[in-house]
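In UniProt numbering, the protein residues as written are 1 to 429.
Glycine included, C-beta positions come from ideal geometry on N, C-alpha and C.
All values reported here derive from a predicted model rather than from experimental measurement.
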Amino acid sequence: MNVEKELREKGVEILRFTWVGLDGYIRSKGAYIDHIDGLLKTGIGLTMAMMSFTPMNYISPYGTFGPQDEDVFLTPDLSTLSIFPPSAMVLCNLYKQGNPWNYDPRSTLIKTIEKVKERYDFDFKSAFEIEFYLTKDRKPFDEARCFDPSAFYTNQIVPEIAKTVRQINIEPIRIIKEYGPGQYEFDIMHKDTLRSADEVIIFKEVARQVASKHGVEANFMPKPFNKMAGSGLHLNISVWKDNRNLFYNQNDKYGLSNLAYNFIAGLLEHAKALTAIAAPTINSYKRLVPGSWAPTKIAYGYNNKSAMIRIPTPYPGMSQLDRRIEYRVSDPSTNPYLLLTAVIEAGLDGIEKGLKPPEALNENAYNRKDIEDIPRSLREALNELRKDTRLVEKIGKEIIDEFIKVKLAEVEEYESLVTDWEYEVYRRL
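Below, the structure written as structure tokens:
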């Protein structure tokens, strides 16, 4: 692959070496076209302190790394090269002294995939449903209602996003005018787990570039507006071996195998800890409220959109290929590499222990007071993650400890701020 030639032909002069931090932010260092060949071989140096960075754009006071620490190297994976003029990006793994760095989320997912392949010969397939808002001047860009067909002939941004991602081998299956005004959903074709995580990052970058060209923002906050729908990042996942879907059993009433039930039980067992990774911002918990169509209860059900885990109805004639589970807690602020690692490790724990879930819940989960809630705040979720030592060890203690340190700074800054709501409610006490 002659990357320099391809970039020149498409009029792109800077290739962004891109990674995702433990704060969930997508960041890049640029390689100028005249020096791309050399930097593709050596990588680009990056201070370790970036893995202690927070969404507030400073190093966590609890972080392990600072300006005194050495560099690791952004090492590009050329299979992720994505050129969408005027931009080009390549996703990177972080290497320290020639080895994958334990604090790198993408390398952590690769390690988990390789471990599972070696131990069980399992392959995972996954797909994300990405929800987001198009906004302008901090308001929804359009007023189209849920499933409103007018959104497709008055909004040129959405078809341009679809066309652009398709040109770089991301396959949108369904494009939906979502519940909120200005809110859309792209459902992406299932792939191997690493590629599906990569596509979340690439999609967000493409959507932002296309929207900005039209003077609009692609907003991936979990809950950007009061009294409007939140945005999720639903994860569909299944286990395969020798091109056979191991989640499928034609004799089960829901079409699920014992392995799938074990996997579900593992997710339920670690549900509280998983929430910290799937919903990793203060804003995430404004979405996860009862009655919102976002999950709040630790339960699963057949096509039950009020449950934490949904068993989707398969497409007609595709029961074996389409049998999967959908994890509904996650939102677009999550780091998809860390999320997939955590979900795989939690599910495998259920398989290894032979865990069995309770009966599927096929009623409105919000009304069931006897079923436990997922954590209702980021602080609570981080505490649950810290306590779940088995899951922490399976993912990697170093990276999870650093994730908690980064997120704790976020919690403490938010808890010290006085909001407009507080002022209006309490100023006359």
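Under the rule that a run must span 4 or more residues, the alpha helix (DSSP H) segments found entirely inside the stretch 323 to 387 read 336 to 353, 378 to 387. Here F263 carries a helix assignment [DSSP, helix/strand/coil].
Of the candidates R427, N2, D23, the residue whose Cα lies closest to the Cα of P280 is D23. Less than 8 angstroms divides the Cβ of Y254 from the Cβ of I311. Spatial neighbours of K394 in its own chain (CB-CB distance under 6 angstroms, excluding positions within 5 residues in sequence) are listed in chain order as E345. The DSSP-derived three-state label of L39 is helix.
Apart from sequence neighbours up to five positions away, the residues of its chain that approach R106 with a beta-carbon distance below 6 angstroms are N93, Y337, ordered along the chain. Counting along the chain, W19 sits inside no alpha helix (DSSP H); it lies in the beta strand (DSSP E) bounded by residues 14 to 20. Secondary structure of E129 (DSSP, three-state): strand. Listed in chain order, the non-local C-beta contacts of G230 below 6 angstroms within the same chain comprise P222, K223, R287, A294, local neighbours out to five positions each way being set aside.
Counting other Cβ atoms within 10 Å of its Cβ, Q183 reaches 16 or more and is therefore classed as buried. Following the DSSP letters along the chain, one finds S82 inside the beta strand (DSSP E) bounded by residues 82 to 84.
Pairing R376 with Y120, the inter-Cα distance amounts to about 35 angstroms.
If you compare the alpha carbons of C146, T80, K213 with that of L194, the shortest gap goes to T80. For Y58, the secondary structure class from DSSP, reduced to helix, strand or coil, is coil.
Per DSSP, the continuous alpha helix (DSSP H) segment holding P159 begins and ends at 157 to 167.
L246 is positioned such that its CB atom lies closer than 8 angstroms to that of L259.
Rounded to the nearest angstrom, the Cβ distance from Y62 to K405 is 4 angstroms, consistent with a contact under 8 angstroms.
Beta-bridge annotation (DSSP): I188 is paired with P172. Under DSSP, I26 forms a beta bridge with V20. Distance between E326 and M50, taken at the CA atoms: about 32 angstroms. With a cutoff of 8 angstroms on beta-carbon distance, L74 and W19 are scored as near each other.
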